[in-house]
Amino acid sequence: MGLLNIPRKSCPPLMQKKPLTIQGTGLNIRRYLYGADAADGFDTLLHKGSTDFTRSLTWIPDRPFNGTDYWLDGPKLAALGWRQRVSFSEGLEASLNWYRENLDSWWPEVSETINGASTATNESHLRGPPA
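Residue numbers for the sequence shown follow this note's numbering, so the first one is 257 and each next one is one higher.
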C-alpha cells in the first residue's frame, strides 16, 4: 500500500460510501507493506544481500484463481538491518489522504472496481519475455 500503490478495490468504494466487494472466504492472510518500505527492502537486498545463490525465472500462464496468502516473513531482511518504517496505520492514513485529494481525477467511475471486475486491459505479461 502507499502513495501511487493504489488499493483500488477498497479505498475508492469506501470513500464514496459504496459497497465493498471482498473476494474469497475471509480466511485470506495479508501483510500490508507501505510502498516506500518495499522499495527500501529491495535496496537493502541489492546492497547488503547475499549473492551466493541463484534463482531462475520461468514464464507460465496466469493462475486461474486468487492467491490467499500474501505476507512478508522478513527475518533475513532484518538480519541485514532492514525494518519496516511506515506502520499499517500511517500508511493507510497517507493512502486515504491521497485518495481524498485525487479520487475524482483518478477514478471518476468505480463501478467495475466495486463489482470485482478486472480493470486490466494489457495482458502482455501472459505472453512471456520478449524474444
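Beta carbons: idealized from backbone N, C-alpha and C, even for Gly. Owing to the predicted nature of the structure, the values given are computational and were not obtained by experimental measurement.
ARG341 is positioned such that its CB atom lies no closer than 9 Å to that of TYR288. Of the residues assessed, SER351 falls on the buried side of the cut-off, its CB having 16 or more other CB atoms within 10 angstroms. Residues THR300 and LYS304 of the same chain have their beta carbon placed closer than 8 Å to that of GLY337, with the five preceding and five following residues left out of the count. When the alpha-carbon of GLY297 is set against those of LEU270, ARG286 and LEU328, the nearest one is in LEU328.
ARG286 carries a strand assignment under DSSP once its states are collapsed to helix, strand and coil. With respect to PRO268, LEU359 sits close: the two C-beta atoms are nearer than 9 Å.
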